[in-house]
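Here my numbering is used: the first residue of the sequence shown is 96, the next is one more, and so on.
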Amino acid sequence: MTAMTTRVADGSGAHGAPGAAGGAQLPASVPEPAAGRTRGLLRTGFGLLGPRHGRHTLSVDDLDTLTLPIGDDGVVIGVDAEGQPAVLGLNRPTPYDVVLIGGLWTAQVFALRAAATGARVAVETGRAQAWTQLVHAMGGGQNGLAVYDVGRVPPQGASAGTPVLVVRDCGMRPPRGRVVSGPWQSVLTLLPYLSPVAPRLLRQARLVGVQRISPGEAGELSRAIALPRGDADALPTLADGLTLWCADRDRQYVMTQPTDAEIGLLGTPRRMD
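As structure tokens, then:
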């Protein structure tokens with residue numbers, strides 16, 4: 096929370112009228128002392144006087160009550176352990192790679208929500224039929240979401256005004272992408288399980304999300320990204336929709352809770368597709 100001090104001086108009148116700098120004719124009914132003060136104001140360029148109001152000020156004792164929450168902007172991907180919104184900032188001026196070891200349902204929710212924030216979403220996938228319903232719901236690819244075959248994603252022309260999220264849904268061994276992360280273009284790579292190419296992708300990623308995996312995979316992953324023992328033991332027991340997000344030394348569990356519209360389109364949370 097950041098305290099912000101505000102002081103507003105309200106309505107001291109209109110700006111100067113033409114000819115004010117050279118004097119102005121005052122009504123004969125204005126008393127001489129008042130007329131002198133008014134001519135002085137006019138000569139300084141303040142113009143005609145308007146209604147007088149008291150100043151609106153905030154006392155020093157009240158400063159702590161004037162606060163403004165400061166946080167990241169981006170896509171709300173769920174709630175944390177305290178029930179607070181967890182926000183993922185995908186639209187960045189620098190390259191940003193995300194790896195999600197999890198289910199298609201979660202990746203599709205992220206794609207929907209990213210498009211709702213104004214980003215264009217390009218999906219690279221070998222199972223276009225799994226995305227068909229989502230494309231139709233988004234207006235047939237005309238409203239921010241388009242699907243391409245693997246290796247066929249064209250340059251997206253990302254910019255600050257039109258950020259892009261590329262979702263790579265290319266199976267266990269996604270090939271190296273022709274379209275990579277860059278300024279205002281993030282890449283989310285979906286892995287259904289911990290595959291042989293996962294170590295390379297994990298090294299490149301700025302953020303790693305992990306949903307329920309087997310105990311053997313949890314052991315491999317803990318060695319790859321230095322997971323604490325407690326988190327590694329918890330991974331095989333995670334509920335549907337629950338993801339452990341890892342960035343450097345930060346760890347956060349996030350539950351993705353779908354809206355009614357998302358349930359109608361994608362169904363309830365699930366790990367398996």
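Glycine included, C-beta positions come from ideal geometry on N, C-alpha and C.
Item                                                                                                                                              : Value
Between which two residues does the alpha helix (DSSP H) containing W200 stretch?                                                                 : 199-211
Rounded to the nearest angstrom, how far is the Cβ of V248 from that of A217, given a contact under 8 Å?                                          : 5 Å
When the Cα atoms are used, what is the spatial distance from I196 to A342?                                                                       : 14 Å
Rounding to the nearest angstrom, what Cα-Cα distance links F141 and T152 in this structure?                                                      : Caution applies to F141, whose pLDDT of 46 falls short of 50 and renders its modelled position unreliable; the model cannot decide the point.
What residues are listed by DSSP as bridge partners for R346?                                                                                     : C341
Under 8 Å, do G266 and V282 count as touching if we go by C-beta distance?                                                                        : no
Would you kindly work out how many angstroms separate the C-alpha atoms of D372 and A313, rounded to a whole number?                              : Nothing can be reported for residue 372, as the shown portion of the chain is limited to 96 through 368.
Just curious, the beta strand (DSSP E) that G266 is in, first and last residue?                                                                   : Careful: G266 lies outside any beta strand (DSSP E) and carries neither H nor E.
Is it right to say G221 is buried, meaning 16 or more other beta carbons lie within 10 angstroms of its own, or is it exposed?                    : exposed
For a quick check, are the C-beta atoms of G277 and A300 less than 8 Å apart?                                                                     : no
Thinking C-alpha only, which one of G256, A209, Y191, P258 is nearest R298?                                                                       : Y191
Could you say which of Q251, P258, S290, I358 lies nearest to A232 if we only look at CA atoms?                                                   : I358
Which residues in the same chain have their Cβ closer than 8 Å to the Cβ of Q251, if we skip the five residues on either side of it in sequence?  : R215, A217, V259, V261, V274, Q280
Grab the span of the beta strand (DSSP E) containing S281 for me, first residue to last.                                                          : 280-286
CA-CA distance, V349 and L339?                                                                                                                    : 6 Å
Would you report the Cα separation of V52 and G234, rounded to the nearest angstrom?                                                              : Given a span of 96 to 368 for the chain in the structure shown, any question on residue 52 remains unanswerable.
Quick check on this structure: which residue in D335, G198, S317, M367 has the alpha carbon closest to the alpha carbon of R346?                  : S317
Would you call D157 buried or exposed, if buried means 16 or more other Cβ atoms sit within 10 Å of its Cβ?                                       : exposed
A334 by DSSP, collapsed to three states: which one?                                                                                               : coil
Quick check on the burial criterion: 16 or more other C-beta atoms within 10 angstroms. Buried or exposed for E219?                               : buried
Thinking C-alpha only, which one of A206, V230, V245, T201 is nearest R307?                                                                       : T201
Between the C-alpha atoms of D264 and L207, what's the straight-line distance to the nearest angstrom?                                            : 15 Å
Do you know offhand how far G362's Cα is from S154's?                                                                                             : 53 Å
Under 6 Å Cβ to Cβ from P188, same chain only, skipping five residues before and after it: list those, please.                                    : P278
Buried or exposed for T351, please, with buried defined as at least 16 other CB atoms from any protein chain shown within 10 angstroms of its CB. : buried
Whole angstroms is fine: what's the gap from L333's alpha carbon to L360's?                                                                       : 24 Å
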